[in-house]
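Whatever position you read off the sequence shown (first residue = 1), add 6 for my numbering.
Yeah, the Cβ is synthetic: ideal placement off N, Cα and C, and Gly gets one too.
Heads up, the thing below is written out as structure tokens.
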Amino acid sequence: MQTVSNLTANCINRQNTLRPVSAICFVFGVALWGVSTGAAAQSPVAPIGQSPVAEAAVVAVRILAGDTVTVEVFGKPELSRSVSVGTDGKITYPLLGDLKAAGRTAPELAEALRAGLSKELNNPQVTVTIAKRLVTRVGVLGAVRQPGKFVLEEGWRVLDLLAEAGGLLIDRPEWVQTTLVRASTGTATPVDLVRLLGEADATQNHRLEPGDVLLVREKDATKTRIQILGAVAKPGTVSAPADGSIVTALIEAGGIIPRAKLAEASIRRGNETIAVDLSSLSTDGTLKAVGANPVPKLLPGDTLLIPLNALSYSVIGAVAVPGTRELHPEKPVTALGALFGAGGATPECDLKNASVVRLSANGEPQIFPINLENGIKNKKNNTKPGKGDAPADVVLLTGDVLYLPTKGQGRNRTNVLREAMSFLPFAGFFVR
Numbered sequence: 007m008q009t010v011s012n013l014t015a016n017c018i019n020r021q022n023t024l025r026p027v028s029a030i031c032f033v034f035g036v037a038l039w040g041v042s043t044g045a046a047a048q049s050p051v052a053p054i055g056q057s058p059v060a061e062a063a064v065v066a067v068r069i070l071a072g073d074t075v076t077v078e079v080f081g082k083p084e085l086s087r088s089v090s091v092g093t094d095g096k097i098t099y100p101l102l103g104d105l106k107a108a109g110r111t112a113p114e115l116a117e118a119l120r121a122g123l124s125k126e127l128n129n130p131q132v133t134v135t136i137a138k139r140l141v142t143r144v145g146v147l148g149a150v151r152q153p154g155k156f157v158l159e160e161g162w163r164v165l166d167l168l169a170e171a172g173g174l175l176i177d178r179p180e181w182v183q184t185t186l187v188r189a190s191t192g193t194a195t196p197v198d199l200v201r202l203l204g205e206a207d208a209t210q211n212h213r214l215e216p217g218d219v220l221l222v223r224e225k226d227a228t229k230t231r232i233q234i235l236g237a238v239a240k241p242g243t244v245s246a247p248a249d250g251s252i253v254t255a256l257i258e259a260g261g262i263i264p265r266a267k268l269a270e271a272s273i274r275r276g277n278e279t280i281a282v283d284l285s286s287l288s289t290d291g292t293l294k295a296v297g298a299n300p301v302p303k304l305l306p307g308d309t310l311l312i313p314l315n316a317l318s319y320s321v322i323g324a325v326a327v328p329g330t331r332e333l334h335p336e337k338p339v340t341a342l343g344a345l346f347g348a349g350g351a352t353p354e355c356d357l358k359n360a361s362v363v364r365l366s367a368n369g370e371p372q373i374f375p376i377n378l379e380n381g382i383k384n385k386k387n388n389t390k391p392g393k394g395d396a397p398a399d400v401v402l403l404t405g406d407v408l409y410l411p412t413k414g415q416g417r418n419r420t421n422v423l424r425e426a427m428s429f430l431p432f433a434g435f436f437v438r
């Protein structure tokens, strides 16, 4: 396996050596929290006469404090040795004393040694390799999926660290404040993730250094989130939609439950209350403006309140839009009206065997058969049902469930009750 340990003063294919360094750093450093070292293997030197890979084409691998480098001087074994880079970034070498190593590449250090030894030797040939690579770490804290410390890979930048940490906890970069704290200087540099992630601004993708920590702080919830209370599946706090869409927010809250009093919803914004009519959601699932009032947009800090409707009825079975709808005492609803309000029957609907399920005074479910096929005919022809026929239409009461079976099911009591009772917790049966 090729590694950076063979970055020599001679010509080396640097592009092939970068990736294995990451692997070595990971193998030797994954079980440690602090700093450890890992040995690197040897890789071949480029053939004599072959042009070296341009430095600008790849990320320069530089020597770090704590690394161990091997210096070889051709024909001078007494000057060939392994030396450690001190915490001050220097090595101590015979004839030359202290020499800066940290921050240089292996070829650059070899050239510095060659220049120094040239005062004592005739045209010395010097080779430098990184024998042991210091495994260093960087950290990320705050609103990311996997906060902690990570082995610093060669050439890592802010985006690499965020990716290693699993990304942001929230999908809105404008809702976090990000700061890069340099371990070497203690300085704190703001990182604009909106520019980095949204505009690919490379100036915000800072290079990481050993010990750096990226702090990702979520902004004040009043500036990023909204509350949804009342008749939704999961009341609570959700992220404010980027476009202010009420429908998007309701989806985040698990959707509206059947007993929602959609026409009387409201948005509380500070001391202001904004009335919102959501009744169009129960028909085609979209939100439409009512009259001249446009559909309001949600803002961070808003509270969307959807009251529960104590007066409601349900239409289930073979209809276009099954569900629970408001029942207004001043506007009686018949079974036929409820059928049309639910978008009408599907092609497989058995209108002759429709049923209304209603709770008795003692809480027992009762089944009332109705023949809506006759109801439609009677309404069309202005006739009355025949003697002994099931009622063609009835006025619905609060809590009623209108059940329309598919053809072939008939009016089986067990089937009717099973379908109606499964809807019972959401249909308002227990409202007295």
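Limits of the unbroken alpha helix (DSSP H) element including residue i
| i | result |
| --- | --- |
| D166 | V164 to E170 |
| F374 | It is not in any alpha helix (DSSP H) - F374 instead sits in the beta strand (DSSP E) that spans P371 to I376. |
| A137 | Element bounds for A137: not the alpha helix (DSSP H) but the beta strand (DSSP E), V132 to V141. |
| L345 | A341 to G347 |
Simplified DSSP state of residue i, which is helix, strand or coil
| i | result |
| --- | --- |
| P179 | helix |
| K125 | coil |
| I252 | helix |
| N299 | strand |
| Q210 | helix |
| V150 | strand |
| G204 | helix |
| P196 | strand |
| G217 | coil |
| T352 | coil |
| V422 | helix |
| R120 | helix |
| V27 | Because the pLDDT at V27 is just 33, under 50, the model does not fix this residue reliably, and the value given afterwards should be weighed accordingly. In this structure, V27 counts as helix in the three-state DSSP scheme. |
| G161 | coil |
| A246 | coil |
| G173 | coil |
| I382 | helix |
| I262 | strand |
| L287 | helix |
| L115 | helix |
| V268 | In the sequence as displayed, the identity of residue 268 is Leu instead of Val. L268 falls in the helix class under three-state DSSP. |
| L293 | coil |
| L408 | strand |
Residue i Cβ short of 7 Å to the ligand SAM heavy atom set
| i | result |
| --- | --- |
| P153 | Absent from the structure shown: the ligand SAM. Ligands present: none. |
Where residue i falls, given that 16 or more other Cβ within 10 Å makes a residue buried
| i | result |
| --- | --- |
| N380 | buried |
| F80 | exposed |
| G72 | buried |
| Q372 | exposed |
| S366 | exposed |
| S320 | buried |
| A194 | exposed |
| P264 | buried |
| T93 | exposed |
| L202 | buried |
| N377 | buried |
| T420 | exposed |
| T98 | exposed |
| P335 | exposed |
| G103 | exposed |
| P113 | buried |
N-terminal and C-terminal residue of the beta strand (DSSP E) that residue i is part of
| i | result |
| --- | --- |
| Q233 | R231 to G236 |
| V400 | Per DSSP, V400 belongs to no beta strand (DSSP E) and is neither H nor E. |
| V77 | T74 to V79 |
| I97 | K96 to Y99 |
| V89 | R87 to S90 |
| E278 | E278 to V282 |
| R364 | A360 to L365 |
| R331 | G329 to E332 |
| T309 | T309 to I312 |
| V67 | Taken as a continuous stretch (DSSP letters only), V67 belongs to no beta strand (DSSP E), as it is neither H nor E. |
| V321 | S318 to G323 |
| D226 | Taken as a continuous stretch (DSSP letters only), D226 belongs to no beta strand (DSSP E), as it is neither H nor E. |
Bridge partner(s) assigned by DSSP for residue i
| i | result |
| --- | --- |
| R275 | E278 |
| L186 | T195 and L220 |
| L105 | I97 |
Short CB-CB distance (under 8 Å) between residue i and chain D
| i | result |
| --- | --- |
| C355 | This model lacks chain D altogether; it includes just one protein chain. |
Indicate whether the contact test is met: 3 or more Cβ pairs, each with one atom in the segment 244 to 262 and one in the segment 223 to 234, closer than 8 Å. Cβ pair count under 8 Å is three or more, so yes.
Touching or not, the segment 129 to 145 and the segment 153 to 162, by the rule of three or more beta carbon pairs under 8 Å? yes
Does the structure place the segment 207 to 223 close enough to the segment 181 to 189 that three or more beta carbon pairs sit under 8 Å? The segment 181 to 189, when compared against the segment 207 to 223, does touch it at the 8 Å Cβ threshold.
Say whether the segment 316 to 325 touches the segment 271 to 283, bearing in mind that this needs 3 or more beta-carbon pairs closer than 8 Å, one atom from each stretch. no
Below 8 Å, can you find three or more Cβ-Cβ pairs linking the segment 347 to 357 to the segment 304 to 313? no
Tell me whether the segment 355 to 366 and the segment 405 to 420 touch, counting them as touching only if at least three CB pairs, one residue from each stretch, are closer than 8 Å. yes
Specify whether the segment 205 to 214 and the segment 161 to 177 touch according to this definition: at least 3 beta carbon pairs, one from each stretch, less than 8 Å apart. With three or more CB-CB distances shorter than 8 Å, the segment 205 to 214 counts as touching the segment 161 to 177.
Below 8 Å, how does it come out for the segment 116 to 130 and the segment 167 to 176: are there three or more Cβ pairs, yes or no? no
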